[in-house]
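Taking it in order: structure first as structure tokens, then the write-up.
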Amino acid sequence: MPEIYGHVYGVEFHAVGKLSKYTAEDLQLRPGDRVIAMGEFGLDVGTVRYGPVIMRIDQLSEEIKPILRKMTEEDEEVHRKNQEDSEKAFEICKELIKKHGLPMRLLEARYMFDRSRIVFYFGADSRVDFRELVKDLARTFKTRIELRQVGIRDEVKMQGSLGLCGMVACCVRFLRNFESITLKHAKKQQLLINPAKISGRCGRLLCCLAYEQDLYEEELKDIPDEGTVVEYQNKTCKVLTVNIFLKMLTLVADDGQLLKIPFDEFRKSQVSFLSDTDPEELLREKDEDIELEEDDK
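Counting along the sequence shown from 1, when you hit position 69 you're at 69 in the UniProt record's numbering, and nothing is skipped either side.
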């Protein structure tokens, strides 16, 4: 089979949609350009986020569709009209949700470029039976209706938010894929386990806890957790503190003596862990690896 190469662009259609690869051989495009292409729900307006990148497209696992064209002035006018009608559809849908008494938070309504479908994005705390709502929407708009429930993180991403740091939340600015964050992250980074301090507006643990986790894992490799009992220099000791910034362990021996030991020196020493498990296993057990479940997918 011959090798097939092409100019590939990353195109984004919506804030909570994935970044999809598209080809465009005869178009001069750059990041920020708006284009017309077939998206998940039909003909849609997308924004180029990266490219062009020359790639061997015959080996890509996903189907690569072509970008149809860069948006023209006529396309821009159609898009503006669709946006105005989308705002009206949003208000109508909100009233219908109230009429049916559905426990859902409407976030956005979007007409596809060719008006073949309207997509309504909503958040909810549980599954919602919206079949009657869909029937009313179809009768009202006389086009295909798609109701898409998003997870709580995507809900905040769509609405916008400030983080505890005072900056625009990472999910709003640049995060596309959400990692699984557990209490293990916070404990490994020696943070005070205070939900108000380590949770975002979504109520989930802060996404930024993942940014430095690999560094902490590497720096604390073979270093016992606080509270671990070890035998060091023929003394039974308990790990009192672990200071990753000073790279220093503080042990308290059974005779009350305090020992301050650099990480490197500790790693080179003959140390026996008197706990039933090694430090990494002890950390896992203590943390219970509490993972906050995501509904994003």
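Backbone N, C-alpha and C define an ideal beta-carbon position, used for all residues, glycine too.
> Going by the beta-carbon positions, is the gap between residue 104 and residue 42 smaller than 8 Å?
Replying inline: Contact flag unset, no.
> So, is residue 153 buried or exposed, given that buried needs 16 or more other C-beta atoms within 10 angstroms?
Replying inline: Sixteen is the threshold: when 16 or more other Cβ atoms of the shown chains lie within 10 Å of the Cβ of residue 153, as they do, the residue is buried.
>> Can you give me the C-alpha to C-alpha distance between residue 135 and residue 56, rounded to a whole angstrom?
In response: Rounded to the nearest angstrom, the two C-alpha atoms are 45 Å apart.
> Using the rule of at least 16 other Cβ atoms within 10 Å of the residue's Cβ for burial, across every protein chain shown, is residue 5 buried or exposed?
Replying inline: With fewer than 16 other Cβ atoms within 10 Å, it is exposed.
>> Taking the straight line between their C-alpha atoms, what separation do you get for residue 124 and residue 10?
In response: Between the C-alpha atoms of residue 124 and residue 10 there is a straight-line separation of about 30 Å.
> Buried or exposed: where does residue 336 fall if 16 or more other Cβ atoms within 10 Å of its Cβ makes it buried?
Replying inline: The shown model of the chain, from 1 to 297, leaves out residue 336, and the question about it has no answer.
> Is there contact between the stretch 107–122 and the stretch 31–51, where contact requires at least three CB pairs shorter than 8 Å?
Replying inline: Touching, per the Cβ criterion.
> residue 248 by DSSP, collapsed to three states: which one?
Replying inline: Secondary structure at residue 248: strand, using DSSP grouped into helix, strand and coil.
> Which partner residues of residue 10 appear in the DSSP bridge assignment?
Replying inline: Beta-bridge partners of residue 10 (DSSP): 21, 50.
>> Once the 5 residues before and after residue 276 are set aside, which same chain residues still bring their CB inside 7 Å of it?
In response: Confidence is the limiting factor: at residue 276 the pLDDT is only 45, short of 50, which leaves the residue's position unreliable and the question unanswerable from this model.
> Is the distance from the Cβ of residue 143 to the Cβ of residue 92 below 8 Å?
Replying inline: Not a contact, by the Cβ cut-off of 8 Å.
> Across which residues does DSSP place residue 43 in a beta bridge pair?
Replying inline: Under DSSP, residue 43 forms a beta bridge with 38.
>> Let me check understanding here. Comparing Cα to Cα, which of 252, 14, 222, 246 lies closest to residue 267?
In response: If we check each option's Cα against that of residue 267, 222 comes out closest.
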